[in-house]
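K.L.:
Top to bottom, those sequences are chains L and X.
Here the first sequence is numbered in the working numbering, starting from 62 and rising by one per residue.
Here the second sequence is numbered in the working numbering, starting from 114 and rising by one per residue.
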Amino acid sequence: MLEANTKRLQAEMDLVKRLIDKDSDALAFLYDNYSATLLGVIIRLVNNQDLAEEVLQDTFLKIWSKIDSYNEQKGRLYTWMHKIARNLALDKIRSKEFVKMGITDTITDNIKSSSEFQVDNQLNKIFSEDLLKHLNDDQAFIIRLMYFQGYTGEDVSKKHSIPLGTVKSRVRAALKKLRIVYGIKLKSNDESF
Amino acid sequence: MKIKDYIESGILEEFCMGVLDEKSEQKIILLAQKYPIIQREIDSIQETLYQFDKRNAIQPSINIKENLLSKITEKKATPVAELTKEIKPNIEKQVPLRKIKVLRYIAAAAITAFLFTAALSIYINNQLVELKAENASLKADLTESNELFASLQTKYLDYSNITQAKDYKQISLEGLGEHTDSFAYVFRGKESIYVSIANLPKPAPNKQYQFWAIIDGAPVSIGLIDPSVKSNELSELNNVPNATAFAISLEDIGGKASPTSDQIHVFGNVI
């Protein structure tokens, strides 16, 4: 178990080093392994294939240019890439271009106007229905806000008047549930490499 | 026990979702270095989130990778140029080593090599043309697929708007007689009703489904379902406020005044 994790870490460190050395094959490898996963992350926020693909390309360009700021102490490479993709997607849906296109049914708009436990967002439902099917409504709600949209537990607590302790215990319960569903024990496997 | 409480608090999940500020992150990094159990927990949460996203992956268009790589690298030589280059140096190397007497052989070899290279170039060029054509057709396919996806998405939105809306009441129509596998749904609103032929066999070319409302115990035709409608697509029909039940029968194109009894596929009471 430990060995697999060490192996993944080693492979990841080698890859990061190659990216820092501006090895374009390393970026191609990264793209082959993560582009579809990251596009899924982006499309949850940007409901438009073309715009989402623009964001995807920007994500990889940012990974390429900012790789030296990656700090492995803060988490594995995917966690860092996910955050870049999410932030760029959030920038996109707040952009003038996006508003101009008339895609006003964004998640952020909905949150402001929605009642406590209902984010009435069709896109979210389509693209995450399968994933969130394992969770109850309360848990899915928190995952959408925090993981999809990057809100802190405190933000969620304030905006939706849910006690902070409840928010945190729901997020913990949600991920525990998924961990069981995916068969992940107290280890990281090396599936991503 | 304190560590256990810390793990159970949910803060590590926040950390892995990347929603904490720098200060809180630093604190967790220090704790993870000190307590391997915290690091292992972080690893598991990160893996869970990665698996979560991986299950929601969507393949990007094929041209994105090419665009990306061309943005970060200079254009590389085409395969044709590379192949020609590989052959040329051999000829050049051979010439100075030979004597004048054998020059004719060399000339012959050079011509052969030249012809071979030329032929190879033509062959590769043809391949390129073919690949380009194939690429264009694939692009067209992709555009078509994207359009199809967009149209399906719109349909899905319409569908879920109606099926999940509170002012629509869902009525299940169950299979009758030999049509035990058949079922359909009716979504009944104030002004209109929608029917979804969720699981009805595809009608023969000269047949179509007819939709019936049971009013005062008698079937009244309220519409024919377009044979091109697929299962789970919704057909809109006028509402019949006093209907006590709904049924769908398979009839000849154009429908009938009353349903053919053994052709009533599904039936459901309004509850």
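Every residue gets a Cβ at the ideal spot worked out from N, C-alpha and C, and that includes glycine.
Distance, Cα to Cα, Thr256 (chain X) vs Glu291 (chain X)?
P.N.:
Here residue 256 (chain X) is taken as the residue at index 143 of the second sequence, counted from 1. Here residue 291 (chain X) is taken as the residue at index 178 of the second sequence, counted from 1. So the two alpha carbons sit approximately 43 angstroms from each other.
K.L.:
Look at the alpha carbon of Lys78 (chain L) and the alpha carbon of Ile175 (chain X), and state the distance between them as a whole number of angstroms.
P.N.:
As a first step, residue 78 (chain L) is located in the first sequence; it is residue number 17 there, counting from the start. As a first step, residue 175 (chain X) is located in the second sequence; it is residue number 62 there, counting from the start. Going from the Cα of Lys78 (chain L) to the Cα of Ile175 (chain X) covers about 27 angstroms.
K.L.:
So which residues of chain X does His221 (chain L) contact, with C-beta pairs closer than 7 angstroms?
P.N.:
Reading the first sequence from its first residue, position 160 is the one you call residue 221 (chain L). Within chain X, no residue comes near His221 (chain L); the closest Cβ sits about 15 angstroms away, beyond 7 angstroms.
K.L.:
Which two residues bound the contiguous beta strand (DSSP E) that contains Arg301 (chain X)?
P.N.:
Mapped onto the second sequence, residue 301 (chain X) falls at position 188. Here the beta strand (DSSP E) through Arg301 (chain X) covers Phe296 to Arg301.
K.L.:
Against chain L, which members of the segment 159-173 of chain X pass a CB distance test of less than 8 angstroms?
P.N.:
The residues in question are Gln159, Glu160, Thr161, Leu162, Tyr163, Gln164, Phe165, Asp166, Lys167, Arg168, Asn169, Ala170, Ile171, Gln172 and Pro173.
K.L.:
In its own chain, which residues sit with a C-beta less than 8 angstroms from the C-beta of Val116 (chain L), not counting the 5 before and 5 after it?
P.N.:
Reading the first sequence from its first residue, position 55 is the one you call residue 116 (chain L). Contacts found: Ile103, Val107, Ala146, Leu149, Ala150 and Lys153.
K.L.:
Which same chain residues end up closer than 6 angstroms to Ala97 (chain L) when comparing Cβ atoms and leaving out the 5 residues on each side of it in sequence?
P.N.:
Your numbering for residue 97 (chain L) matches position 36 in the first sequence. Correct list: empty, nothing qualifies.
K.L.:
Going straight from the alpha carbon of Gly238 (chain X) to that of Leu138 (chain L), what length do you get?
P.N.:
For this step, residue 238 (chain X) is matched to residue 125 along the second sequence. For this step, residue 138 (chain L) is matched to residue 77 along the first sequence. The sequence given here has Asn at residue 238 (chain X), not Gly. Taking the straight line from one Cα to the other gives about 41 angstroms.
K.L.:
Tell me, to the nearest whole angstrom, how far the beta carbon of Ile245 (chain L) is from that of Glu154 (chain X); I am working on the premise that it is less than 8 angstroms.
P.N.:
By one-based count along the first sequence, residue 245 (chain L) stands at place 184. By one-based count along the second sequence, residue 154 (chain X) stands at place 41. Contact doesn't hold; Cβ gap of about 11 angstroms is too wide.
K.L.:
Under 8 angstroms: do the segment 321-334 of chain X and the segment 348-363 of chain X share three or more Cβ pairs, one atom per stretch?
P.N.:
At 8 angstroms Cβ cutoff, the stretches touch.
K.L.:
For Glu114 (chain L), count the other beta carbons within 10 Å of its own beta carbon; 16 or more makes it buried, fewer makes it exposed. Which is it?
P.N.:
What you label residue 114 (chain L) is simply residue 53 of the first sequence in a count that begins at 1. Answer is buried; the Cβ neighbour count reaches 16.
K.L.:
Please classify Gln134 (chain L): does DSSP put it in a helix, a strand, or coil?
P.N.:
Residue 134 (chain L) sits at position 73 when you count from the first residue of the first sequence. Helix at Gln134 (chain L).
K.L.:
Threshold first: 4 residues or longer. Then list the alpha helix (DSSP H) segments lying entirely within the segment 159-189 of chain X, N to C.
P.N.:
If we require 4 residues or more, the alpha helix (DSSP H) runs fully inside the segment 159-189 of chain X come out as 176-185.
K.L.:
Check whether chain X comes within 7 angstroms of Ser218 (chain L), counting only Cβ atoms and requiring the distance to be less than that.
P.N.:
Position 157 of the first sequence, counted from the first residue, corresponds to residue 218 (chain L). Cβ-Cβ to chain X under 7 angstroms: no for Ser218 (chain L).
K.L.:
Within the 7 angstroms Cβ cut-off, does Leu181 (chain X) reach chain L?
P.N.:
Counting from 1 along the second sequence, the entry for residue 181 (chain X) is found at position 68. So, interface residue.
K.L.:
Can you name the residues that DSSP bridges to Ala358 (chain X)?
P.N.:
Along the second sequence, read from residue 1 onward, the residue named residue 358 (chain X) stands at position 245. X:Ile327 and X:Asn382, per the DSSP bridge assignment.
K.L.:
Counting Cβ pairs closer than 8 angstroms, one from the segment 232-244 of chain L and one from the segment 201-208 of chain L, do we hit at least three?
P.N.:
The segment 232-244 of chain L is in contact with the segment 201-208 of chain L.
K.L.:
Along the chain, where does the alpha helix (DSSP H) containing Val217 (chain L) start, and where does it finish?
P.N.:
Mapped onto the first sequence, residue 217 (chain L) falls at position 156. From DSSP, the alpha helix (DSSP H) with Val217 (chain L) extends over Gly214 to His221.
K.L.:
Reducing DSSP to helix, strand and coil, say where Glu73 (chain L) ends up.
P.N.:
By 1-based counting over the first sequence, the position of residue 73 (chain L) is 12. Helix at Glu73 (chain L).
K.L.:
Under a CB-based cut-off of 7 angstroms, is Ser174 (chain L) close to chain X?
P.N.:
Along the first sequence, one-based indexing puts residue 174 (chain L) at 113. Residue placement at Ser174 (chain L) is poorly supported in this model, since its pLDDT is 37, which falls under 50; the coordinates are not used for a value here.
K.L.:
Can you tell me whether Leu127 (chain X) is buried or exposed? The criterion is at least 16 other CB atoms within 10 Å of its CB, across all chains shown.
P.N.:
Within the second sequence, the letter at position 14 stands for residue 127 (chain X). Here residue 127 (chain X) turns out to be Glu, not Leu, going by the sequence shown. Buried, by the Cβ-count rule.
K.L.:
Between the alpha carbons of Asp329 (chain X) and Ser273 (chain X), how many angstroms are there, rounded?
P.N.:
Taking the first residue of the second sequence as 1, we reach residue 329 (chain X) at position 216. Taking the first residue of the second sequence as 1, we reach residue 273 (chain X) at position 160. Their Cα atoms are separated by approximately 32 angstroms.
K.L.:
Does Gly244 (chain L) get closer than 7 angstroms to chain X when you measure Cβ to Cβ?
P.N.:
On the first sequence, residue 244 (chain L) is found 183 positions in, with the first residue counted as 1. It does not: the Cβ of Gly244 (chain L) has no partner Cβ on chain X nearer than 7 angstroms.
K.L.:
Cutting at 7 angstroms between CB atoms, please list the residues of its own chain near Ile120 (chain X), excluding the five before and the five after it.
P.N.:
As a first step, residue 120 (chain X) is located in the second sequence; it is residue number 7 there, counting from the start. Closer than 7 angstroms at the Cβ level, and outside the excluded window around Ile120 (chain X), lie Ile151 and Glu154.
K.L.:
Less than 8 angstroms between C-beta atoms, sequence neighbours within five positions excluded: which residues of the same chain meet that for Gln110 (chain L)?
P.N.:
Residue mapping note: residue 110 (chain L) aligns to position 49 of the first sequence, counting from 1. Answer for Gln110 (chain L): Ile104, listed in chain order.
K.L.:
May I ask which residues mark the beginning and end of the alpha helix (DSSP H) holding Glu349 (chain X)?
P.N.:
Position 236 of the second sequence holds residue 349 (chain X). Segment Leu347 to Asn351 is the beta strand (DSSP E) holding Glu349 (chain X); no alpha helix (DSSP H) there.
K.L.:
Contact criterion: CB-CB distance below 7 angstroms. Does Glu260 (chain X) meet it with respect to chain L?
P.N.:
As a first step, residue 260 (chain X) must be located in the second sequence, where it is residue number 147. For Glu260 (chain X), the answer is no, since every Cβ of chain L falls outside 7 angstroms of its Cβ.
K.L.:
Considering just the uninterrupted stretch of the alpha helix (DSSP H) at Glu121 (chain X), what are its terminal residues?
P.N.:
As a working mapping, residue 121 (chain X) is identified with position 8 in the second sequence. Per DSSP, Glu121 (chain X) belongs to the alpha helix (DSSP H) from Lys115 to Glu121.
K.L.:
Applying a beta-carbon distance threshold of less than 9 angstroms, which residues of chain X neighbour Tyr212 (chain L)?
P.N.:
For the purposes of this step, residue 212 (chain L) is taken as the residue at position 151 of the first sequence. Val132, listed in chain order.
K.L.:
For the beta strand (DSSP E) that contains Gln283 (chain X), what are its first and last residues?
P.N.:
As a working mapping, residue 283 (chain X) is identified with position 170 in the second sequence. Segment Lys282 to Gly288, the beta strand (DSSP E) holding Gln283 (chain X).
K.L.:
Rounded to a whole number of angstroms, what is the C-alpha to C-alpha distance between Gly214 (chain L) and Ile128 (chain L)?
P.N.:
As a first step, residue 214 (chain L) must be located in the first sequence, where it is residue number 153. As a first step, residue 128 (chain L) must be located in the first sequence, where it is residue number 67. The straight-line gap from Cα to Cα measures roughly 28 angstroms.
K.L.:
With a threshold of 7 angstroms between beta-carbons, can Ile177 (chain X) be considered close to chain L, or not?
P.N.:
Counted from its first residue, the second sequence places residue 177 (chain X) at position 64. It does: the Cβ of Ile177 (chain X) has a partner Cβ on chain L nearer than 7 angstroms.
K.L.:
When DSSP labels each residue in this structure, what does Ile377 (chain X) get in the three-state scheme?
P.N.:
On the second sequence, position 264 is the one that residue 377 (chain X) refers to. Strand, per DSSP.
K.L.:
Which chain L residues are close to Lys184 (chain X), counting only those with a beta carbon under 7 angstroms from its beta carbon?
P.N.:
Indexing the second sequence from 1 puts residue 184 (chain X) at position 71. Ordered by position in chain L, the residues that pass the 7 angstroms Cβ test against Lys184 (chain X) are Leu122.
K.L.:
Quick one: any contact between the segment 69-78 of chain L and the segment 130-148 of chain X, if contact means 3 or more CB pairs under 8 angstroms?
P.N.:
No: fewer than three Cβ pairs fall under 8 angstroms.
K.L.:
Quick check on Asp156 (chain X): does DSSP put it in helix, strand or coil?
P.N.:
For this step, residue 156 (chain X) is matched to residue 43 along the second sequence. In the structure shown, Asp156 (chain X) sits in a helix (DSSP, three-state: H, G or I).
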